[in-house]
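Reading through the structure tokens given below for one structure.
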Amino acid sequence: MTQQFCYNQFHVMSSTQTIPKVVSANNSLQFCPLFTLATFRTSPKVSIKNAMTAKVIILKRKFEGTPTLDNFKIVEEKLRPLQQGEFLVEARYISVDPYQRVYPPKVGQTMLSEQVAKVIESQNNDFPVGSSVVGEWGWRTHTIAKDVAGEFCLRKPRLLTGYDGLSRSLALSVLGMPGNAAYFGLLHMGKPMKGNTVVVSSAAGGVGTIVGQIAKIKGCKAVGITSSVEKGERLVKEVGYDHYVSYNSKNFEKDLSKATKDTVHCYFDSVGGEISSSVLTKMKKFGRVVICGAISTYNSKIKATASEVQTTVKVQHLVMEGFKVTRFKDQWDEGIQQNLQWLKEGRLKPFEHIVDGFSNTPNAFIGMFAGQNFGKTIVRVG
Ligand SMILES: NC(=O)c1ccc[n+]([C@@H]2O[C@H](COP(=O)([O-])OP(=O)(O)OC[C@H]3O[C@@H](n4cnc5c(N)ncnc54)[C@H](OP(=O)(O)O)[C@@H]3O)[C@@H](O)[C@H]2O)c1
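Following my numbering, the numbering of the sequence shown begins with 1010 at its first residue and continues without gaps.
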């Protein structure tokens, strides 16, 4: 089965389902759904560590339009012995994020992302064996790590402490990059005031589920935009949004007017395109628009277009500001600590969409663009 990926066998698995096994032969890979997750959990500590072999997902083919399984390839990489200052990490949770579509690696290189990992060997006293750590090591099972900042998230590896009773996956969601995008984006740029109406697009996603909750903590009315009635109802019942609007509804404009009373003080925008052009027409004078992302355009093969908004921005004196969360790298812990406190007080709930199995990482990524997630998409490696 040279170079054949049985990706059609990959699916989101519960912890009792089978996972694909990678077998290397002449630099080709085979995937066989033979081993249970229990087998995966107990065996690799010995076999992978001793053999010092990492499984790595690389970009096989440049993205064109919506990502497909054909864009990715799993390869094996033999790891060398550690040098002074290095430590060997074994992935536990891997983050998949929209930015990996926007800023892909070069063909043949490892997909970028943060992961939560366990230190399994160390030549660095600051990262002792057994410690949990978050770092930017990409879609790979094992990594020889150093105490240096990653290329994209610009953060050095951090030990995870104070997680008693909490899942370490939270370091990739509410207590990590998406939590800080929500926290700094909404509070520093959206500047919501008590009684304001805050509209959030991609409200059911990793960032959006947190933005809505912070808006509620700040005494605002929160209106979430999502793709379906099912997700919308969860936004209201589980996340705490006051209203939802489905952008797939024929009555989207009308529903939006009803939910917001045509008075939007703050718009936290993660999707761009026509959805956002519509929201802008509902903004109150001096309203604030926070541009977090534009996911509706990421997979467009043609140059994305949307209705003209400049007139509305001018007439309504709107303030629009975009941001990359790395802008707040020097204040990073402020966001993490505040979100942690709200979490411990029960005012902020984490929403995570966990997909099991390293080999399922591409599926998790593709599923996120299809809106299969509710909350932050995270791959549980084992
Ligand atoms: N500025 C920053 O530093 C920063 C940091 C993190 C994330 N972001 C941005 O924030 C946004 C959300 O990121 P996330 O990690 O929280 O992802 P996410 O919202 O958890 O997942 C993506 C969601 O996008 C929605 N979506 C997909 N295609 C769409 C389309 N054509 N039109 C409208 N919605 C679509 C889907 O939800 P529905 O089912 O509701 O459509 C899907 O669940 C992205 O734009 C991302 O680039 C920016």
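Cβ atoms here follow ideal geometry from the backbone N, Cα and C, with glycine treated the same way.
For my contact list, residue i and residue j are in at a C-beta cut-off of 8 Å; report their separation, rounded to the angstrom.
i        : j        : result
Gln-1124 : Ser-1104 : 6 Å
Pro-1201 : Cys-1162 : Going by Cβ atoms, the distance from Pro-1201 to Cys-1162 rounds to 26 Å, so no, they are not a contact pair.
Trp-1148 : Ser-1122 : 6 Å
Glu-1099 : Lys-1127 : 5 Å
Arg-1070 : Lys-1338 : Not a contact, Cβ separation roughly 32 Å.
Cys-1275 : Gly-1249 : That belief does not hold up - the Cβ atoms of Cys-1275 and Gly-1249 are roughly 17 Å apart, past 8 Å.
Glu-1283 : Ser-1316 : 7 Å
Ile-1345 : Leu-1175 : At roughly 12 Å, the Cβ-Cβ gap does not stay under 8 Å, so Ile-1345 and Leu-1175 are not in contact.
Val-1318 : Ser-1279 : 16 Å between Cβ atoms; not a contact.
Ala-1224 : Leu-1195 : 7 Å
Short of 6 Å in beta carbon distance, which residues of its chain neighbour residue i, apart from the five on each side in sequence? Order them along the chain.
i        : result
Arg-1167 : Val-1143
Val-1254 : Ile-1234, Asp-1264, Leu-1265, Ala-1268
Ile-1363 : Ile-1387, Arg-1389
Val-1209 : Gly-1217, Val-1220, Gly-1221, Gly-1233, Phe-1277
Lys-1375 : In the sequence on display, residue 1375 carries Ile and not Lys. Same-chain partners within the cutoff: Pro-1076.
Lys-1385 : Ser-1182, Pro-1187, Gly-1215, Glu-1361
Asp-1271 : Lys-1291
Gly-1074 : Asn-1308, Lys-1310
Arg-1177 : Val-1125, Ser-1141, Leu-1169
Applying the 10 Å Cβ sphere with the 16-neighbour rule, what's the burial state of residue i?
i        : result
Gly-1366 : buried
Thr-1150 : buried
Ala-1212 : buried
Ser-1309 : exposed
Ser-1145 : Rather than Ser, the amino acid found at residue 1145 in this sequence is Glu. Burial call: buried.
His-1252 : buried
Gly-1199 : buried
Ser-1368 : buried
Gly-1171 : exposed
Thr-1320 : exposed
Glu-1095 : buried
Pro-1359 : buried
Asn-1134 : exposed
Going by beta carbon distance, what residues of the same chain come within less than 8 Å of residue i, once the five residues before and after it are set aside?
i        : result
Lys-1115 : Leu-1068
Arg-1089 : Met-1061, Ile-1153
Pro-1107 : Gly-1302, Ile-1304, Tyr-1307, Met-1377, Phe-1378
Val-1328 : Phe-1295, Gly-1296, Arg-1297, Val-1298
Which same chain residues, not among the five before or five after residue i, have their C-beta less than 7 Å away from its C-beta?
i        : result
Phe-1072 : Asn-1080, Arg-1110, Pro-1113
Gln-1092 : Gln-1132
Gln-1118 : Ile-1067, Leu-1068
Asn-1348 : Val-1183, Leu-1184, Gly-1188, Tyr-1192, Leu-1357
Tyr-1256 : Ile-1234, Ser-1236, Ile-1284
Within the chosen definition, does the segment 1296-1303 reach the segment 1345-1365 through at least 3 CB pairs nearer than 8 Å? No, the segment 1296-1303 is not in contact with the segment 1345-1365.
query = Just checking, does the segment 1328-1346 make contact with the segment 1187-1198 on the three C-beta pairs under 8 Å criterion?
reply = yes
inquiry  = Pairs of beta-carbons, one from the segment 1214-1231 and one from the segment 1286-1295, closer than 8 Å: are there three or more?
reply    = no
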